[in-house]
Ligand code: FES
Ligand SMILES: [Fe+2]
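Here it is in structure tokens:
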């Protein structure tokens with residue numbers, strides 16, 4: 002579908018978007034340019050590149066990059082592109098390397114990106130300035146274990162960008178019960194649809210009892226009862242956090258895991274409690290049991306990372322109608338094996354392509370993508386709760402089942418996309 | 004239903020009896036007879052679909068797509084049978100082919116054998132067909148009415164992004 006991009010501002014209203022935001026290839030191209038290659042993008046969790054010389058590869062927008070940890074312990078993101086004739090210098094998705102050696106003509110680079118080896122240098126005497134031919138490094142900054150990089154050297158500091166999301170990142174990290182939060186693995190799946198569909202989903206409390214009806218009835222009846230009250234409860238809210246970020250609360254008791262819970266330990270943790278009690282003091286066991294299920298909120302950080310209850314959701318836009326989603330499992334680094342096993346099993350139950358929750362989300366998202374092919378410029382409504390949204394300091398607040406988080410994300414989208 | 008408890012002498016036709024179990028299991032899953040499939044499992048069995056292709060000694064310490072004990076298997080099947088699973092509306096149609104069945108080990112004491120096989124699944128849904136391949140390892144109690152004592156399905160592309168896998172591997 003072709004569209005005059007000058008008309009972009011008119012495609013996003015305060016509480017609706019034009020359906021072509023999901024389907025127009027030209028809009029997608031501009032998103033890659035402006036949002037993914039122009040701003041901060043989440044590239045790694047620090048635990049994925051914990052040791053010196055460890056690395057991870059991925060793409061920012063469409064540009065292949067390497068994230069490395071240097072001998073000095075710094076995080077570096079650089080283009081995965083040989084300075085000679087452009088071949089990628091690292092093929093593995095993750096690993097350890099003291100040198101990145103380009104397999105085409107053998108130029109080699111350090112984990113900082115310095116060019117240190119050029120085979121048969123005779124032909125280059127007086128020709129090559131090696132010091133200027135390191136791998137191109139990108140702005141890389143991290144907060145609370147989350148590593149972001151930007152292809153835009155002029156981007157504002159990450160700390161400013163994260164704005165009011167920062168205290169929520171801190172709260173999210175408390176689920177490691179005093180241990181460092183670390184990545185334990187991930188579930189990867191693709192769906193035929195635009196990346197913004199799952200982005201909206203992160204703070205969509207409205208869909209839970211409907212899309213996850215079969216999960217709640219057959220897998221997790223304890224949650225099911227809780228959820229019934231959730232929908233009506235006033236304690237559950239959605240809050241805007243600046244720059245398109247937002248948080249949706251689905252369990253007010255699990256916002257700050259450092260505070261004592263008002264509820265008894267759930268029955269399904271009894272087994273874990275017994276296992277932990279064998280080797281840990283009571284206070285530690287209590288802290289772990291409090292934290293093991295994750296936090297009671299979903300934090301959406303525009304554009305590509307969500308801190309969602311107990312896991313991270315990464316979005317990788319592959320095309321206007323193809324997206325890869327990674328649900329990244331987290332655990333307590335160096336913590337009790339039984340606690341991490343419990344977290345893994347919790348993740349497997351709901352998440353991923355065979356998970357009893359994610360699979361239905363995935364299906365709903367594909368239906369949105371399919372439906373949006375109809376009707377051209379018809380609106381997608383984001384106006385749930387407009388009537389009860391109110392100011393809360395600098396932020397806006399509404400009920401957790403309202404579409405406030407989406408309104409905030411699209412306001413940011415409009416700002417970035419419509420700029421001349 | 005084939006008789007897994009047949010009194011054919013174990014050492015003469017173990018492979019044939021293992022084939023019976025594997026083919027029957029594949030037919031049940033293709034027929035979406037999840038209730039009958041559930042009955043094929045021993046209560047202490049784990050059903051595992053790992054997120055990496057490489058074999059591991061212990062899958063409990065890593066993230067898997069599926070790591071079901073009896074309780075989780077039952078919940079999974081109840082959900083599938085509820086008819087309200089969006090990912091199965093409409094259902095994925097599958098056609099499984101089990102081949103290269105090999106007996107690796109026999110534990111005479113427990114009357115258990117370890118069997119590997121190659122599994123291809125052709126999956127049709129919503130106008131597209133795709134192919135899934137996996138190396139499967141079963142532990143089978145051939146003398147039992149619930150012969151599946153363990154199953155690990157290593158997807159060929161386990162470390163790549165998957166499509167929907169609700170129909171079970
Ligand atoms: S392209 Fe890398 S050495 Fe030539
Ligand atoms: Fe969901």
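Residue numbers (this note's numbering), protein chains in the order written: chain A, 2 to 421; chain B, 4 to 172.
We treat Cβ as the ideally placed atom computed from N, Cα and C, and that holds for glycine.
- Around the beta carbon of residue 52/A, fewer than 16 other beta carbons lie within 10 angstroms, which makes this residue exposed.
- When secondary structure is reduced to three states using DSSP, residue 100/B falls in the strand class.
- Residue 112/B counts as exposed, since fewer than 16 other beta carbons sit within 10 angstroms of its beta carbon.
- For residue 187/A, the closest Cβ of chain B is nearer than 9 Å.
- For ligand 1, residues qualifying as neighbours are 83/A, 85/A, 86/A, 87/A, 88/A, 90/A, 103/A, 105/A, 106/A, 107/A and 108/A, where qualification means a beta carbon closer than 7 Å to at least one of its heavy atoms (chain order).
- Judged by their CB atoms, residue 309/A and residue 409/A are not nearer to each other than the 9 Å cut-off.
- For residue 78/B, the enclosing alpha helix (DSSP H) begins and ends at 73-84.
- The DSSP assignment places no complete alpha helix (DSSP H) segment of no fewer than 4 residues inside the stretch 245-272 of chain A.
- In the three-state DSSP reduction, residue 64/B falls in the coil class, being neither helix nor strand.
- When DSSP reads this structure, residue 404/A sits in no beta bridge, so it has no partner.
- With a threshold of 8 Å, the Cβ atom of residue 247/A does not count as near ligand 2, since no heavy atom of the ligand is closer than that.
- When the five nearest sequence neighbours on each side are left out, the beta carbons in the same chain lying within less than 8 Å of the beta carbon of residue 99/A are those of 54, 111 and 112, in order along the chain.
- Excluding its 5 nearest sequence neighbours in each direction, residue 359/A has C-beta neighbours in its own chain below 6 Å: 352 and 353, listed in chain order.
- Taken in chain order, the unbroken stretches of beta strand (DSSP E) that lie wholly in the stretch 164-200 of chain A and span 3 residues or more are 182-192.
- From the listed residues 41/B, 77/B, 25/B and 152/B, the smallest Cα separation to residue 114/B is found for 152/B.
- Residue 157/B is outside the set of residues whose beta carbon lies under 9 Å from a beta carbon in chain A.
- Distances from the CA of residue 132/A to each of 114/A, 68/A and 60/A were compared; the closest alpha carbon is that of 114/A.
- Take the alpha-carbon of residue 411/A and the one of residue 15/A: they are about 8 Å apart.
- Shown here for residue 89/A: same chain residues with a beta carbon closer than 7 Å to its own, the five before and five after excluded, namely 65, 81 and 82 in chain order.
- The beta carbons of residue 177/A and residue 333/A sit closer together than 9 Å.
- Residue 94/A belongs to the set of residues whose beta carbon lies under 9 Å from a beta carbon in chain B.
- For residue 181/A and residue 85/A, the gap between their C-alpha atoms comes out near 40 Å.
- Between residue 69/B and chain A, the shortest Cβ-Cβ separation is below 9 Å.
- Distances from the alpha-carbon of residue 170/A to those of 200/A, 300/A, 22/A and 31/A put 300/A closest.
- Residue 315/A is a Cβ neighbour of residue 43/A, given a cutoff of 9 Å.
- Against chain B, the beta carbon of residue 216/A has neighbours under 8 Å at 82, listed in chain order.
- Taking 9 Å as the CB threshold, residue 37/A stays off the interface with chain B.
- In this chain, residue 24/A is not harboured by any alpha helix (DSSP H), its DSSP state being neither H nor E.
- Residue 395/A has its Cβ no nearer than 8 Å to any heavy atom of ligand 2.
- With fewer than 16 other Cβ atoms from the protein chains shown falling within 10 Å of its own Cβ, residue 130/A counts as exposed.
- One thing to note: residue 190/A has its Cβ no nearer than 9 Å to the Cβ of residue 94/A.
- A direct Cα-to-Cα measurement between residue 355/A and residue 135/A gives close to 43 Å.
- Ranked by how close their Cα comes to the Cα of residue 38/B, the residues 52/B, 59/B, 77/B and 50/B have 77/B in first place.
- For the stretch 78-111 of chain B, residues whose beta-carbon sits nearer than 8 Å to a beta-carbon of chain A comprise 78, 79, 81, 82, 85, 87, 88, 89, 90 and 92.
- Contact note: residue 164/B reaches chain A through 189, 190, 191 and 325, using a C-beta cutoff of 7 Å and chain order.
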